[in-house]
Amino acid sequence: MESAEITAAIRRILGHVMCPADASAFTSHSMKSTWLHAYNQWEDNYDMQSLLGYHVVKGRSSAVNHSRQALSVPMRRLEHMIEEIRTGQFVPNAEGSAEFYEPSQAQDIRRRMELCTGLSFSQISKAFGAADADEVGGVEYSPTTAVTESESQHDAESGAERIRSLSPKRRRMNDQDESASEDSSESSDDSASSVSDSVFVHVESTHLGDRVRNVARHSALAMLFRHKTRRTLHYGHDHDDTKLACGRDRTSAFVTFKGDFEQAWPKCKVCFGA
1 MESAEITAAI RRILGHVMCP ADASAFTSHS MKSTWLHAYN QWEDNYDMQS
51 LLGYHVVKGR SSAVNHSRQA LSVPMRRLEH MIEEIRTGQF VPNAEGSAEF
101 YEPSQAQDIR RRMELCTGLS FSQISKAFGA ADADEVGGVE YSPTTAVTES
151 ESQHDAESGA ERIRSLSPKR RRMNDQDESA SEDSSESSDD SASSVSDSVF
201 VHVESTHLGD RVRNVARHSA LAMLFRHKTR RTLHYGHDHD DTKLACGRDR
251 TSAFVTFKGD FEQAWPKCKV CFGA
């Protein structure tokens, strides 16, 4: 992607919320500065910022300077438009008078998603790999609908169906784990927890792919880690909680990653074999 493409894309976005003549008045330099400002605000790595060419090739000081010089009006207009889409006051794909709604008549994006898919927001968030129904893409929302007992029961039945669909080999592995837990001298609660952890590992390994099929139970719950600054995604070490799979130390700079790892970028070439 070249800086000219970034400039054209931002102009098209701004054209939805302001007069096209006003949008075209912003220079290419201001468009790129606005984009760079967004990267800095969300702490994206400097390799991504290098897409802007000469703006950052001289080092991090250049990126900081351009961030300070970025025009705030385009970014604020863009943020305002996104907020109105989220609250339902602006519906970009609607026709005529249905495009804008008064706050009292607006339906937020969560409600629209539920009406469109026929699923609850809790079920939708799980489809995107979120660890919590109220945490999607790292942004927390206040709940608007409660998950009923029937939905919880439906989720439990769906999970049981997924387990039954596992291969015979995996079912035998589950049976072995259950037998081992029953023969142990631990309490019944601990045994139930062991079985639950085993099921979680096998179901999640089916979702994540071959790479994590043989990981230990204790590491499956916190398998993926992301660097706070560089944003690089890593696998955790199977036997050493202080290490990553690539051999790096797992310092406080790494946080547990709960999203969809297939969509995450960049990934560690050693951990993922890319």
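Everything in the sequence shown is counted per full-length UniProt numbering, starting at 1 for the first residue and increasing by one.
C-beta: ideal position from N, C-alpha, C; glycine also.
Being a predicted model, the structure only gives us computed values, none of them experimental.
C-beta contact flag for residue i and residue j at 9 Å
i	j	result
P103	Q89	yes
L244	F225	yes
P266	T232	yes
V17	R77	yes
For residue i, the first and last residue of its enclosing beta strand (DSSP E)
i	result
L233	233-235
L224	224-227
T117	First-last for T117: 109-117, but that is the alpha helix (DSSP H), not the beta strand (DSSP E).
V255	254-256
Selection from the options that minimises the alpha carbon distance to residue i
i	options	result
S28	I85, M223, E84, A8	A8
D260	H237, S125, R248	S125
H234	F26, V270, M81	V270
A264	T251, H227, C246	H227
G105	I82, T87, H80	Inspection of the sequence shows that residue 105 is occupied by Gln rather than by Gly. It is T87.
Straight-line Cα distance separating residue j from residue i
i	j	result
Y101	A127	29 Å
L115	A98	17 Å
A94	F254	42 Å
S30	P20	16 Å
R248	D238	13 Å
D108	A23	27 Å
V212	F272	For V212, the predicted model reports a pLDDT of 40, less than 50, meaning its position is unreliable; a value from the coordinates is still stated below. About 11 Å.
S121	R12	The sequence given here places Phe at residue 121; Ser does not occur at that position. Taking the straight line from one Cα to the other gives about 31 Å.
S33	A4	12 Å
I85	T251	38 Å
T242	M223	13 Å
L119	L14	32 Å
Limits of the alpha helix (DSSP H) - the one that residue i falls within
i	result
F272	269-272
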